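Q: Residue numbers (my numbering), protein chains in the order written: chain A, 565 to 721; chain B, 565 to 721; chain C, 16 to 426; chain D, 16 to 426. All C-beta atoms in this analysis are idealised placements derived from N, C-alpha and C, irrespective of residue type, glycine included. Computed from a prediction, not measured in an experiment: that's the story for all the values here.
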Ligand SMILES: Cc1ncc(COP(=O)(O)O)c(C=O)c1O
Ligand SMILES: Cc1ncc(COP(=O)(O)O)c(C=O)c1O
């Protein structure tokens with residue numbers, strides 16, 4: 565994990581991405597952006613990159629996930645769960661589970677975004693998966709907290 | 565105090581005592597016996613001795629008290645309070661106050677015993693003094709505890 | 016602390032003088048520390064392993080690692096999992112957490128707590144404190160050696176019982192309870208009970224395995240098993256519900272707020288490691304010293320009673336004898352003058368000289384309880400220590416007896 | 016403790032490697048110890064001054080003497096009497112005793128507790144726990160530097176207030192509260208209140224005198240002022256009523272059962288003695304290092320905000336800065352790789368990444384709170400330490416920023 569934090573792979577924005585999404589938010593204190601370049605014909609992921617505003621585990625999880633999906637068909641990429649991430653990272657401590665969840669949430673959102681104006685495949689579920697729900701929940705929780713503390717998230721001054 | 569514990573003065577039973585009393589009890593875990601030899605004419609204490617079943621402070625207090633009353637008229641001896649004992653001993657800790665109190669209680673009981681069959685002087689109060697009361701209370705408290713624990717104080721087997 | 020005592024204590028110490036030799040036998044009140052355990056604690060401080068174990072930097076991780084390994088050592092020694100250990104700072108705190116914390120989590124309607132009449136006050140008092148929130152406390156009597164009366168115990172366990180607490184080894188008279196038997200009786204009559212045991216005086220003295228005994232909670236204390244002060248622990252079987260009794264910032268554990276005292280816990284684990292590795296040798300050594308002490312005293316002083324059982328049913332470190340016609344605290348001072356540090360069941364520490372509730376519960380006469388002296392040997396003591404003690408006990412007792420108004424006509 | 020974490024932490028440590036130099040700045044989470052204080056503790060163990068201080072033998076008396084002298088040192092440092100100090104094992108425990116213990120003794124009908132919104136959680140959580148027994152908790156807001164809003168504070172104090180608790184110095188942002196002024200306001204509006212202050216972060220940093228401030232209770236913690244772990248203390252003004260919250264065997268004190276951790280208290284007193292003797296020099300040194308650190312960071316890194324006040328109104332040891340567009344925990348790991356140990360207001364220690372309630376109470380934006388880094392200098396740090404830190408901070412921040420999807424367009 566520390567190795568991936570120190571030397572993350574697939575780091576940075578991607579200009580020729582054709583699917584992009586974020587999960588988490590500044591307010592959460594954890595945010596992951598995923599960029600995919602998908603081959604239109606084969607629906608195989610050619611390139612995957614990420615950016616992260618988050619802890620070391622977050623960065624490592626995103627780096628690992630982008631590494632795992634490279635060269636995979638979307639259907640297979642979709643099936644990666646946060647447990648796979650956690651195991652690959654050598655077992656995330658429970659308080660870090662959400663990092664894996666967030667990374668997978670971002671990936672799935674990117675895949676959904678890709679199919680927004682395309683024909684949806686059979687394997688893509690209608691409703692949100694647990695990971696997507698979790699990402700949503702975390703974002704909402706933080707909005708709630710923000711209201712409680714009467715704090716604005718976003719631009720300063 | 566430790567010096568008096570180590571080398572107590574006036575220790576031991578007195579065969580020619582004409583006034584004797586004890587305060588406290590075996591059950592209390594603290595018991596002092598005081599023996600006085602009083603000059604019948606002058607009512608001056610000629611000799612004073614003690615025995616103690618009690619802690620080091622108890623022994624020291626009794627030793628000191630017997631030393632203090634030697635050569636004193638009974639009226640003066642009566643006036644010695646546990647505070648005097650405590651001060652002489654270099655300040656007893658609060659949990660040891662009762663040792664001084666018990667010693668004074670025993671002395672006053674012995675003086676009362678002396679006047680049992682003699683004419684009572686003016687200075688001898690009717691009711692019990694705080695020290696005498698305390699000795700009584702401690703004895704009673706232990707009786708009560710003994711009942712609670714259904715324990716007999718006294719001879720074994 | 017009353018402010019005029021310091022001067023007096025200074026005078027006491029001055030008048031006392033320095034004894035030629037010192038033999039510390041007051042392990043009941045405060046335990047000696049294995050030099051290795053002390054060193055382990057000091058090294059932890061020097062190596063930054065005092066850091067907060069849940070903070071994300073190397074010092075924190077090393078602290079976590081050390082804490083975790085210590086916990087595995089301690090848990091392993093009692094047959095538990097690391098995840099079942101909660102640290103407090105003392106056995107007293109762990110007993111409070113066990114009893115009050117379990118009551119706070121008690122959603123059942125059951126409101127009865129059963130303890131033995133010779134439990135440590137840090138078990139009895141928390142249990143008593145629950146009376147004001149509707150709990151009933153039953154104290155089961157013990158026989159003359161401190162063993163829980165099985166029939167009375169069995170009768171006390173009914174459907175209303177929520178918690179049972181019986182110590183594995185009694186702290187004053189060393190009775191090694193038949194804990195497994197008691198657990199069976201209790202579960203037989205009421206399978207829903209929580210069974211807690213105060214194992215503070217069992218650790219390192221008898222084999223103690225929470226699975227084998229089938230207990231739900233067990234209290235441990237570092238300084239009572241030759242670790243440094245500042246660490247107690249409560250084993251809570253996975254699934255048993257306990258609520259925190261103090262509140263604040265959490266670190267690695269849910270039930271006791273604040274940063275763990277990692278260096279003290281490291282020292283605790285080092286002590287446990289030594290106890291584990293040398294268990295048979297230590298027990299044999301302590302038993303030899305114990306019996307030397309008991310037999311030496313009984314054969315050289317008259318009118319002495321041994322409190323508690325003998326042989327394997329007695330903790331190997333425990334010596335508790337009553338010197339008739341003597342007041343115990345006077346004996347402790349007399350022996351102290353020779354550098355022999357022991358305690359008395361009638362220590363004058365409370366306003367009223369109430370003798371030890373443990374000895375009274377055995378059916379001891381007051382004068383027997385008041386004259387009781389408690390000594391604990393340890394793996395750090397030698398035969399020379401015991402010989403030194405035996406050389407001085409007879410004259411100490413005869414001096415105290417010479418002061419007493421009770422000369423044997425009572426007795 | 017989840018049982019699969021040890022392996023991971025071991026791997027983390029291995030992957031981390033040993034840094035060329037280590038600078039420990041996480042005094043907020045766990046304090047460094049003066050070598051003299053550690054030595055004093057160790058010597059106490061070696062000299063039998065671990066003995067129970069209320070037992071009647073020489074070791075007990077020496078322990079009592081040492082405990083008493085330690086207490087005089089500690090009490091003297093805060094202008095209290097020895098008899099007004101109660102020891103616990105941590106500041107967390109002392110805060111619990113202050114708040115819950117005072118509530119247990121509260122015979123008045125008053126049921127309101129007033130605290131500032133930036134108190135330590137070991138003050139806020141116990142106060143919140145009293146809600147279920149009928150107490151009302153009012154959290155008074157603070158300004159952008161952490162100073163209690165006087166008008167809101169004054170308005171919160173009415174005839175129903177029973178207890179007020181405001182820390183002398185805030186633990187995260189170093190705000191040195193005008194405590195004397197707040198006490199006056201409070202007593203003016205309600206002379207019956209009990210005023211408690213958490214002085215854990217004040218000791219050795221600012222002059223702190225309980226009589227001068229006219230407070231009723233004050234919490235202290237050994238490890239936060241360079242003493243060993245295992246000792247907290249609560250000053251309770253003579254006459255203020257507090258009931259014990261734990262139960263068990265008492266030693267020299269009424270309010271916290273169990274044997275005092277005398278060796279730790281001796282170490283605590285040694286630390287206090289050093290702080291007292293070198294007060295001006297230590298404060299000057301810390302302030303110099305603090306300002307070096309703050310100015311060095313502000314001048315070498317862009318988009319940095321200082322949290323908390325400046326100058327004399329800020330504790331001399333406290334540095335708290337928010338690096339915008341950076342997540343704090345990632346920074347702590349990045350700096351750890353260089354051997355620089357700091358903590359973050361957004362430490363991932365809770366399931367939800369709730370940022371520090373202190374920073375949010377200041378009106379900080381979430382992203383400011385999440386990027387906050389807390390460093391505490393001490394009298395044990397040198398200018399070389401600070402230079403080393405300053406050499407590595409800019410590159411650490413720029414690396415974390417390079418990973419982030421937020422590049423300054425927000426901000
Ligand atoms: C059986 C037993 N339980 C609990 C305790 C309390 O442990 P501690 O001294 O760590 O508070 C003791 C200490 O003497 C004990 O002997
Ligand atoms: C202001 C304040 N109060 C209380 C505490 C708790 O003290 P302890 O760590 O000794 O439990 C801390 C510790 O960080 C603190 O900073």
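(1) Around the Cβ of residue 76(D), are there at least 16 other Cβ atoms within 10 angstroms (buried) or fewer (exposed)?
(2) Would you tell me roughly how many angstroms separate the C-alpha atoms of residue 354(C) and residue 404(C), rounded to the nearest one?
(3) Closest to residue 178(D) by CA distance: which of 397(D), 358(D), 130(D) is it?
(4) List the residues of chain A that residue 382(D) touches, going by C-beta distances under 7 Å, in chain order.
(5) According to DSSP, simplified to helix, strand and coil, what is residue 701(B)?
(6) Tell me which residues of the region 610-628 of chain B have at least one Cβ-Cβ distance to chain C shorter than 7 Å, keeping chain order.
(7) Which residues, in order along the region 384-401 of chain D, keep a beta-carbon less than 7 Å from a beta-carbon of chain A?
(8) Using a cut-off of 7 Å between C-beta atoms, extract the partners of residue 26(C) located in chain B.
(9) Given that residue 30(D) touches chain A, what residues does it touch there, using C-beta distances under 7 Å?
(10) Which residues mark the beginning and the end of the alpha helix (DSSP H) in which residue 211(D) is found?
(11) Using Cβ-Cβ distances below 9 Å, what residues of the region 140-151 of chain D are close to chain C?
(12) Are at least three pairs of beta-carbons, each pair with one atom in the region 302-313 of chain C and one in the region 391-400 of chain C, less than 8 Å apart?
(13) Would residue 647(A) be called buried (16 or more neighbouring beta carbons within 10 Å of its own) or exposed?
(14) What is the residue span of the alpha helix (DSSP H) that residue 643(A) lies within?
(15) Going by C-alpha distance, which of 26(C), 373(C), 228(C) is nearest residue 183(C)?
(16) Please list the segments of the alpha helix (DSSP H) lying wholly inside the region 350-394 of chain C, counting only runs of 4 or more residues, in order along the chain.
(17) Identify the contact partners of residue 586(A) in chain F, using a Cβ-Cβ distance below 9 Å as the criterion.
(18) Does any residue of chain D bring its CB to less than 8 Å from the CB of residue 366(C)?
(19) Spatial neighbours of residue 258(C) within its chain, please: CB distance less than 6 Å, with the 5 preceding and 5 following residues excluded, ordered by chain position.
(20) Using a Cβ cut-off of 8 Å (strictly closer), state whether residue 212(C) contacts chain D.
(21) Residue 53(C) touches chain D at which residues, Cβ-Cβ below 9 Å?
(22) Run through chain D and tell me which residues come within less than 9 Å of residue 241(C), C-beta to C-beta.
(23) For the region 273-300 of chain C, which residues have a CB atom closer than 7 Å to at least one CB atom of chain D, in sequence order?
(24) Are there 16 or more other CB atoms within 10 angstroms of the CB of residue 695(A), so buried, or fewer, so exposed?
(25) Which partner residues does residue 329(D) have in the DSSP bridge list?
(26) Beta-carbon within less than 6 Å of residue 329(D)'s beta-carbon, same chain only, minus the 5 sequence neighbours each way: which residues are those?
(27) From the DSSP output, which residues share a beta bridge with residue 410(D)?
(28) DSSP beta-bridge partners for residue 597(A)?
(29) Is it true that the CB of residue 408(C) sits closer than 8 Å to the CB of residue 569(B)?
(30) For the region 662-673 of chain A against the region 622-639 of chain A, are there 3 or more C-beta pairs whose distance is under 8 Å?
(31) Where does residue 719(B) sit, in a helix, a strand or coil, going by DSSP?
(32) Any contact between the region 605-623 of chain A and the region 410-421 of chain D? By contact I mean 3 or more CB pairs, one from each, below 8 Å.
(33) So residue 101(C) packs on residue 248(C), CB below 8 Å; how close in whole Å?
(34) With contact counted as at least three CB pairs below 8 Å, one residue from each stretch, are the region 268-288 of chain D and the region 235-250 of chain C in contact?
(35) Starting from the beta carbon of residue 50(D), find every residue of chain A whose beta carbon is closer than 9 Å, and list them in chain order.
(36) Please report whether the beta-carbon of residue 671(B) lies at a distance below 8 Å from any beta-carbon of chain C.
A: Taking the geometry as given:
(1) buried
(2) 9 Å
(3) 130(D)
(4) 590
(5) helix
(6) 615, 616, 617, 618, 619, 620, 623
(7) 385
(8) 654
(9) 566, 567
(10) Run containing residue 211(D): none in the alpha helix (DSSP H); it sits in the beta strand (DSSP E), 209-213.
(11) 140, 141, 142, 143, 144
(12) yes
(13) exposed
(14) 638-643
(15) 228(C)
(16) 372-376, 381-385
(17) Within the model displayed, chain F is absent; protein chains A, B, C and D are what it includes.
(18) Here residue 366(C) scores only 35 on pLDDT, less than 50, and its place in the model should not be relied on; the value that follows carries that caveat. No - not a single Cβ of chain D is within 8 Å of the one on residue 366(C).
(19) 116, 119, 120
(20) no
(21) 57, 60, 61
(22) Chain D residues near residue 241(C): none, gap ~11 Å exceeds 9 Å.
(23) 273, 274, 276, 278, 279
(24) buried
(25) 190(D)
(26) 189, 323
(27) Answer by DSSP bridge pairing: none, since residue 410(D) is not bridged.
(28) 586(A), 615(A)
(29) no
(30) yes
(31) Because residue 719(B) sits at a pLDDT of 33, beneath the cut-off of 50, its placement in the model cannot be relied upon, and the following sentence gives the value as read from the coordinates. Correct three-state label for residue 719(B): coil.
(32) yes
(33) 7 Å
(34) yes
(35) By Cβ distance, chain A contributes nothing, its closest Cβ being about 32 Å from residue 50(D), past 9 Å.
(36) no
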